[in-house]
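Here is the structure we will look at.
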Amino acid sequence: MIGLGRFGFHLAGALTALDQTVLAIDRNPDRVQRWADTLDRVVQADATEEGVLRQLGVADVQRAVVAIGASVEASVLTVLALVELGVPQIWARATSAKHAKILASVGAHHVIFPEAETGERVAHLIISRMLDFIEFDDDFAIAKLPTPESLVGRSLRSLTPADRHGIRVVGAKVHGESFRYATEEMVLERGSMLIVEGGIAQVQRFATLD
Ligand code: ADP
Numbered sequence: 065m066i067g068l069g070r071f072g073f074h075l076a077g078a079l080t081a082l083d084q085t086v087l088a089i090d091r092n093p094d095r096v097q098r099w100a101d102t103l104d105r106v107v108q109a110d111a112t113e114e115g116v117l118r119q120l121g122v123a124d125v126q127r128a129v130v131a132i133g134a135s136v137e138a139s140v141l142t143v144l145a146l147v148e149l150g151v152p153q154i155w156a157r158a159t160s161a162k163h164a165k166i167l168a169s170v171g172a173h174h175v176i177f178p179e180a181e182t183g184e185r186v187a188h189l190i191i192s193r194m195l196d197f198i199e200f201d202d203d204f205a206i207a208k209l210p211t212p213e214s215l216v217g218r219s220l221r222s223l224t225p226a227d228r229h230g231i232r233v234v235g236a237k238v239h240g241e242s243f244r245y246a247t248e249e250m251v252l253e254r255g256s257m258l259i260v261e262g263g264i265a266q267v268q269r270f271a272t273l274d
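The opening position of the sequence shown corresponds to residue 65 in the numbering used here, with each subsequent residue numbered one higher.
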C-alpha cells in the first residue's frame, strides 16, 4: 500500500482485516508514525524511487496499490516504478478522469476512482429508499432496501409483473436474523430488508415505491 492518506489507510486496514499481510509505504514520517501501531509493517520511503522499492522487497509482491491522490506526478511515477519492477497486479487510484487515463496508459492493471464511484452510488441512495446499491456495467444492479409498504403481507408468488417492476427478489432479512434466499412462498414482512436485482432503471423504480 503506497500512500497512507485517508483512502490508503482505510484500504490498508480493510485488507489487514481480510487477513492479508500489508506492507505500507509513505514518504511522510508523521503519517508513518501515526499508523505504525495499527498496520503490520509501515515504512517511510519515497515510492517514486524504483531502487528504494526494490530494497524493500516490492519486486516480490503479488499486488501493489498506489493510493496517492493529491500528487498526480508522484502517483504516475510510482506506478511506473512498479511496472519496471514487474509487479503482476498494480492497482492505482485516480482523482480525475484524465489521471485515470494516464495511470492506465503507463501500465496500471486496475484503475479505481473512489470519489466518482462513491458519488454515483450515493446519488442512487439519496433519491430512493435503497440502503445499498451496486451496479454492474451500465445495465444491471443489486440493491438492499426495506420492503415497500404496499407489498407487506404478500407472498412473492402473488406478486404480479407490475408489482415487481421488472426486478427479482433474491433474498430477505427479518430484523435481527440473517439474510435468507427468497422462495416463492416467502411472505414480505413489514420492516424486513430485501435484496433485489435487475436492470438499473427497474431497481431504481422499485426502490421508490411507497
Ligand atoms: P487522501 O485523499 O486519501 O487523504 P492524499 O493524496 O492526501 O490522499 O495522501 C496521499 C499520501 O501519499 C500522503 O500520506 C503522502 O505523504 C503520500 N505520498 C505522496 N507522495 C508519495 C511518494 N512519492 N512516496 C510515498 N508516499 C507518498
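Positions of the beta carbon are idealized from the N, C-alpha and C atoms, including for glycine.
From a predicted model like this one, the values you see are computed outputs, not experimental measurements.
Residue of the options minimising C-alpha distance to residue i
{"i": "Leu-146", "options": "Asp-110, Asp-203, Glu-114 and Ala-134", "result": "Glu-114"}
{"i": "Phe-177", "options": "His-188, Ala-156 and Ser-169", "result": "Ala-156"}
{"i": "Val-267", "options": "Ala-109, Arg-254 and Asp-196", "result": "Asp-196"}
{"i": "Phe-71", "options": "Val-116, Val-129, Gly-121 and Ala-207", "result": "Val-129"}
{"i": "Glu-199", "options": "Arg-232, Asp-90 and Glu-181", "result": "Glu-181"}
{"i": "Ile-259", "options": "Ile-206, Asp-94 and Asp-274", "result": "Ile-206"}
{"i": "Ser-256", "options": "Val-96, Thr-211, Asp-227 and Thr-224", "result": "Thr-211"}
{"i": "Val-116", "options": "Glu-148, Arg-127, Gly-77 and Ala-131", "result": "Glu-148"}
{"i": "Met-194", "options": "Arg-185, Ser-139 and Ser-169", "result": "Arg-185"}
{"i": "Ala-131", "options": "Arg-98, Ala-172 and Arg-118", "result": "Ala-172"}
Pairwise C-alpha distance: residue j and residue i
{"i": "His-239", "j": "Phe-204", "result": "27 Å"}
{"i": "Gly-235", "j": "Thr-247", "result": "8 Å"}
{"i": "Gly-217", "j": "Val-136", "result": "54 Å"}
{"i": "Ile-154", "j": "Ala-265", "result": "33 Å"}
{"i": "Gln-84", "j": "Gly-263", "result": "34 Å"}
{"i": "Leu-189", "j": "Asp-104", "result": "35 Å"}
{"i": "Thr-272", "j": "Ser-192", "result": "5 Å"}
{"i": "Lys-162", "j": "Val-140", "result": "12 Å"}
{"i": "Phe-73", "j": "Ala-123", "result": "22 Å"}
Any C-beta of chain B under 7 Å from that of residue i
{"i": "Ser-219", "result": "Given the protein chain composition of this structure (a single chain), no chain B is represented."}
With 16 other Cβ atoms within 10 Å as the buried cut-off, status of residue i
{"i": "Thr-112", "result": "buried"}
{"i": "Ile-66", "result": "buried"}
{"i": "His-229", "result": "buried"}
{"i": "Leu-57", "result": "Past the edges of the chain, shown from 65 to 274, lies residue 57, and the structure says nothing about it."}
{"i": "Arg-221", "result": "exposed"}
{"i": "Ser-242", "result": "exposed"}
{"i": "Ala-100", "result": "exposed"}
{"i": "Leu-82", "result": "exposed"}
{"i": "Thr-224", "result": "exposed"}
Beta-carbon separation (whole angstroms), residue i vs residue j, contact threshold 8 Å
{"i": "Met-250", "j": "Ser-219", "result": "6 Å"}
{"i": "Val-107", "j": "Val-125", "result": "Contact flag wrong, Cβ pair sits at about 13 Å."}
{"i": "Thr-159", "j": "Gly-133", "result": "5 Å"}
{"i": "Arg-232", "j": "Glu-253", "result": "In fact, because the Cβ distance is near 18 Å, the residues do not count as touching under 8 Å."}
{"i": "Ala-109", "j": "Ile-89", "result": "5 Å"}
{"i": "Leu-120", "j": "Arg-95", "result": "That pair is no contact at about 16 Å."}
{"i": "Leu-144", "j": "Val-175", "result": "About 14 Å separates the two Cβ atoms, so there is no contact after all."}
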